[in-house]
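A.B. asks: Numbering follows numbering that gives the first Met the number 0, with no gaps: position 2 of the sequence shown is 1.
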Amino acid sequence: MNPPLISIVIPTINRYSDLQNTLNDLQQQSVREYEVLIIDQTDVNDFCSIHFPQTKHLHKAFKSASKARNVGLLEAKAPIVLFLDDDVMIENPDFLKNHVRHYEDKSISGVSGAILNTDRKWNKKLPPRASHPYLGWIYTPRNYNKPTRISDGGAGNLSVRKEWAIEVGGMDENYEKGAYREESDFCMRLTHKYGKLIYDPEAVLLHIGNPKGGIRSWKTGQGIIHAPHHMFGAWYFMFKNLPWFVWPEYAWLTIRRFILHKKLLKNFYLLPKAMYWFGFNFLKAMYKSVGKPLYISGGTHKQ
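#1: Going by C-alpha distance, which of I7, Y275, N20 is nearest L72?
#2: Measure the C-alpha to C-alpha separation of Q53 and R148 and round it to an integer number of angstroms.
#3: When you compare only the Cα positions, how much space is there between W251 and R141?
#4: For a test of the three-state rule: what should DSSP assign to R14, helix, strand or coil?
#5: Measure from the alpha carbon of K287 to the alpha carbon of each residue in D171, Y249, A226, then state which is nearest.
#6: Taking all protein chains shown into account, do 16 or more other C-beta atoms lie within 10 angstroms of the C-beta of P2, making it buried, or fewer, making it exposed?
#7: If you drop the 5 nearest sequence neighbours on each side, which residues of the same chain put their C-beta closer than 8 Å to that of W276?
#8: Anyone know if the C-beta pair for L36 and L57 falls short of 9 Å?
#9: Take R128 and list the residues in its own chain whose beta-carbon comes closer than 6 Å to its own, dropping the five residues that flank it on each side.
#10: Kindly list the residues whose CB is nearer than 8 Å to the CB of L83, restricted to its own chain and excluding five residues on each side of it in sequence; keep chain order.
#11: When you compare the stretch 93 to 100 with the stretch 24 to 32, are there three or more beta-carbon pairs, one atom per stretch, that lie closer than 8 Å?
#12: Tell me which same chain residues have a C-beta within less than 6 Å of the C-beta of K239, skipping the five on either side of it?
#13: K176: buried (16+ other C-beta within 10 angstroms of its C-beta) or exposed?
#14: When the distance is taken between beta carbons, is G208 closer than 9 Å to D86?
#15: Rounded to whole angstroms, how far is the Cβ of W234 from the Cβ of Y193, which I believe are closer than 8 Å?
#16: Just the C-alpha distance for I295 and L269, rounded to the nearest angstrom, thanks.
#17: When the Cα of A113 is compared with those of E248, A202, L264, which residue comes out closest?
#18: Would you report the Cα separation of M274 and I258, rounded to the nearest angstrom?
#19: When DSSP labels each residue in this structure, what does H56 get in the three-state scheme?
#20: Use the C-beta contact count for T117: other C-beta atoms within 10 angstroms, 16 or more gives buried, fewer gives exposed.
#21: Assuming Y198 and P146 form a contact by the criterion Cβ under 8 Å, report the distance between their Cβ atoms to the nearest whole angstrom.
#22: Throw me the rounded Cβ distance for the V70 and K59 pair, which I believe falls under 8 Å.
#23: Figure out for me which residue from R180, K123, V167 has the closest Cα to the Cα of P200.
#24: Keeping to the same chain, check which residues put their C-beta closer than 8 Å to that of F281; ignore five residues upstream and five downstream.
#25: Would you mind listing the alpha helix (DSSP H) stretches within the stretch 105 to 156 that are 4+ residues and don't spill past its ends, in chain order?
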């Protein structure tokens, strides 16, 4: 068997059914030289890889998406590493090909593919704020229908050069559990050193967004209050990476996402609980940002 062209890293927790559907889709790919690394954080190991011969299953006791991706990055045998979520559908048999082909250009640091919801809707326009030098990535939709160059990619469909990803330290393991904003943090370091990513809408997949398992294993407040570790990640990213003069705009976007969303406002009795966790994680993130980031061994990036 030829060595893999691309290593696919999939962190998972409590989602074996969705994961097996994703693996079935990968078996239909036109690119055959690949390996899959499953970083399984489910409490009870019940995964069977018999039917997936290109799969390596690593069961881990920790519960951290960032740490899981770093484990996969270090274990990968291929020069290109593709990060996927465990609940995606890949309908295009050239999905992997559309990632790999860009790396013929030796200057490309990574490729971000399109992520569609199950409604399969595309966004045909970029908002004016997408050109903002510091916050444009927040306004750039994951389902944009045209190729472009970007500085941020979603970890549910993001490929990178292994060597360069390790060089900048991989994911910061200070991001907790489901690790909100970890990929933005990572992409900011990667693109600062090696240049912007290619955004390719032809490298498209569907994100199922299963209400059970994955990052939703830690939801609180009847699914109305966002997970506290997401709040922490949002604030930690701001303190660690953004210049102070863009904090007001970023903070407003964060407040809109976590506090001023329709579900919470309709269930206003949960507002005190949400605001407590929001404020607590603001202070926690401020404290954490004073310390050192937790990059993988081999990363030489300095904060």
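Just so it is clear, CB atoms sit at the ideal spot from N, CA and C, and this is done for glycine as well.
C.D. replies: Result, derived from the coordinates:
#1: The residue with the shortest Cα to Cα distance from L72 is I7.
#2: For Q53 and R148, the distance between alpha carbons rounds to 32 Å.
#3: Roughly 21 Å separates the two Cα atoms.
#4: Collapsing the DSSP output to three states places R14 in coil.
#5: Scanning D171, Y249, A226 for the CA closest to the CA of K287 turns up D171.
#6: So P2 ends up on the exposed side.
#7: If we look at W276 and ignore the five residues flanking it on each side, its Cβ neighbours are T219, I224, P227, M230.
#8: By the CB criterion at 9 Å, L36 and L57 fall inside the cutoff.
#9: Once the five neighbours on either side are set aside, the close Cβ partners of R128 are Y138.
#10: A distance below 8 Å between beta-carbons, with the five flanking residues on each side excluded, links L83 to the following residues of its chain, in chain order: I7, V8, I9, T21, G155, N156, L204.
#11: Because the criterion of three Cβ pairs below 8 Å is met, the stretch 93 to 100 and the stretch 24 to 32 touch.
#12: The residues S288, in chain order, have a CB closer than 6 Å to that of K239 in the same chain once the five nearest residues on each side in sequence are set aside.
#13: Classification for K176: buried.
#14: For the 9 Å CB-CB criterion, D86 and G208 form a contact.
#15: Contact between W234 and Y193 is ruled out by a C-beta separation of about 27 Å, above the 8 Å threshold.
#16: So the two alpha carbons sit approximately 38 Å from each other.
#17: Ranking the options by Cα distance to A113, first place goes to A202.
#18: The alpha-carbon atoms of M274 and I258 are separated by roughly 7 Å.
#19: The answer is strand: DSSP assigns H56 an E or B state.
#20: By the 10 Å Cβ count, T117 comes out exposed.
#21: Indeed they touch by this definition, with Cβ atoms about 6 Å apart.
#22: Contact flag correct, Cβ pair sits at about 7 Å.
#23: Closest option to P200, judged by alpha-carbon separation, among R180, K123, V167: K123.
#24: Hits under 8 Å: M230, W234.
#25: 135 to 138, all fully within the stretch 105 to 156.
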